[in-house]
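Engineer: Residue numbering for the first sequence follows this note's numbering, beginning at 26 and increasing consecutively.
Glycine included, C-beta positions come from ideal geometry on N, C-alpha and C.
Sharing a structure here in structure tokens format.
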Amino acid sequence: MAPERRGFPTTPPRRLVMMRAGSHRLHVNRHSPMLQRLKRDFYDRDPQSVSRELLGKVLVRREGTQLLEARVVEVEAYLGEGDPAAHAAAGRTARNDVLFGPPGHAYVYFIYGNHWCFNVSCLPDGIAGGVLFRALEPVEGIPVMARARGVSVKTDRELRLLTTGPGRLAEAFGITRERDNGKDLTSPKSDLWLADDGFRPERVATTVRIGITKAAEMPLRYVIPGNRFLSGQKIG
DNA sequence: ATATCGATTATCT
DNA sequence: GATAATCGATATG
26 MAPERRGFPT TPPRRLVMMR AGSHRLHVNR HSPMLQRLKR DFYDRDPQSV
76 SRELLGKVLV RREGTQLLEA RVVEVEAYLG EGDPAAHAAA GRTARNDVLF
126 GPPGHAYVYF IYGNHWCFNV SCLPDGIAGG VLFRALEPVE GIPVMARARG
176 VSVKTDRELR LLTTGPGRLA EAFGITRERD NGKDLTSPKS DLWLADDGFR
226 PERVATTVRI GITKAAEMPL RYVIPGNRFL SGQKIG
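Encoded structure:
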């Protein structure tokens, strides 16, 4: 019997078989009981390491009994006070306070008068650093994400636009500063977290960061190459 | 398919 | 008062 591949258009079948072997589920798209919430130690490192390791993990939002899940396919590292492109570059302020706090907390900021962007803090308490989430591949709760975005997902193209780009993924997950900024993503009580379901990307690629003017040459964007949910790409 | 441009506001100078 | 870690609509090839 051929494996069910819906929802994982770019995932090799071999990997799907391995994932299912552990979960005893018929459909890989379903929420796996093996989702392990990432702990503090995961984030207590430099943003480059956290960025690389976040690829392939799953962002999870719990809304009552409804779960939203999407795989991380694109992130960017922002290094803190030594990084001219980082919000922390000019020192600690009211806005960027979370970046200077303990690791594993949500940093949410507003951009271009329109969009929320979602980050997680890295490095020990007192040292700024973070990772910006730029693109996700939807796994679970797609109709709820579509409703949050105010769009339909009748076509392949519309599905891609659900969680491609930092503003879109934040909207799909209902992420706002009021609701989520400063939230401890490692707390069992948090309704927003990152999880490991055993998936490991075959390859990771780095490029320059998108949309910045300072330190524009540093290769701090991390992607799963070939994934169709990456931002800044043509739509077939 | 690619390019350009307007929207809209928190934050900092 | 200028800028920004973006998006979506519109115009043009």
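With burial defined as no fewer than 16 other Cβ atoms inside 10 Å of the residue's Cβ, what is the status of A160: buried or exposed?
Structural biologist: buried
Engineer: For L148, which of I136, G236, S76 has the nearest alpha-carbon?
Structural biologist: S76
Engineer: Whole angstroms are fine: how far does the CA of D69 sit from the CA of R174?
Structural biologist: 32 Å
Engineer: Here's the rule I'm using: 16 or more other beta-carbon atoms within 10 Å means buried, otherwise exposed. How should S146 be labelled?
Structural biologist: So S146 ends up on the buried side.
Engineer: What whole-angstrom Cβ distance do I235 and S256 have, given they're in contact under 8 Å?
Structural biologist: Confirmed, about 7 Å.
Engineer: Check this for me: beta carbons of E106 and A114, under 8 Å apart or not?
Structural biologist: yes
Engineer: Sorted by chain position, which residues of the same chain lie with C-beta nearer than 8 Å to P213's C-beta, five sequence neighbours on each side aside?
Structural biologist: R62
Engineer: Please classify V85 as buried or exposed, where buried requires at least 16 other C-beta atoms within 10 Å of its C-beta.
Structural biologist: buried
Engineer: Could you please give the first and the last residue of the uninterrupted beta strand (DSSP E) stretch that includes S256?
Structural biologist: Note, S256: premise wrong, no beta strand (DSSP E); not H, not E.
Engineer: Assuming F224 contacts P191 under a Cβ cut-off of 8 Å, what Cβ separation, rounded to an integer in Å, is found between them?
Structural biologist: The pair is not a contact, with the Cβ atoms about 22 Å apart (cut-off 8 Å).
Engineer: If you compare alpha carbons, which of L60, Y247, P168, F254 is closest to E162?
Structural biologist: Of all alpha-carbon atoms in L60, Y247, P168, F254, the one lying nearest the alpha-carbon of E162 is that of F254.
Engineer: Under the DSSP definition of a beta bridge, which residues are partnered with S146?
Structural biologist: G155
Engineer: Look at the Cβ atom of I237, then the Cβ atom of A153, and state whether they are nearer than 8 Å.
Structural biologist: no
Engineer: Between which residues of its own chain and K64 is the CB-CB distance below 7 Å, once the five residues before and five after are set aside?
Structural biologist: T211
Engineer: Inspect the beta-carbon positions of V176 and I167 and report whether they are closer than 8 Å.
Structural biologist: Against a cut-off of 8 Å, the Cβ pair of I167 and V176 comes out as no contact.
Engineer: Give the straight-line distance between the Cα atoms of G251 and L124, rounded to the nearest whole angstrom.
Structural biologist: About 31 Å.
Engineer: Would G207 and H130 qualify as a contact pair, given that the criterion is a beta-carbon distance under 8 Å?
Structural biologist: yes
Engineer: Run through DSSP, which three-state label would E94 get?
Structural biologist: strand
Engineer: What are the boundary residues of the alpha helix (DSSP H) that F135 is part of?
Structural biologist: It is not in any alpha helix (DSSP H) - F135 instead sits in the beta strand (DSSP E) that spans 131 to 136.
Engineer: CA-CA distance, L104 and R246?
Structural biologist: 12 Å
Engineer: How is the alpha helix (DSSP H) around T188 delimited, first residue to last?
Structural biologist: 181 to 188
Engineer: Within the same chain, show all residues whose beta-carbon is closer than 7 Å to that of A197, passing over the 5 residues directly before and after it, in chain order.
Structural biologist: M170, A173, R174, L187, T188
Engineer: Unbroken beta strand (DSSP E) runs of length 3 or more, entirely within the region 188 to 238: which are they?
Structural biologist: 217 to 221, 230 to 232
Engineer: Under the DSSP definition of a beta bridge, which residues are partnered with R62?
Structural biologist: A220
Engineer: Would you mind sorting K82 into buried or exposed? The rule is 16 or more other CB atoms within 10 Å of its CB.
Structural biologist: buried
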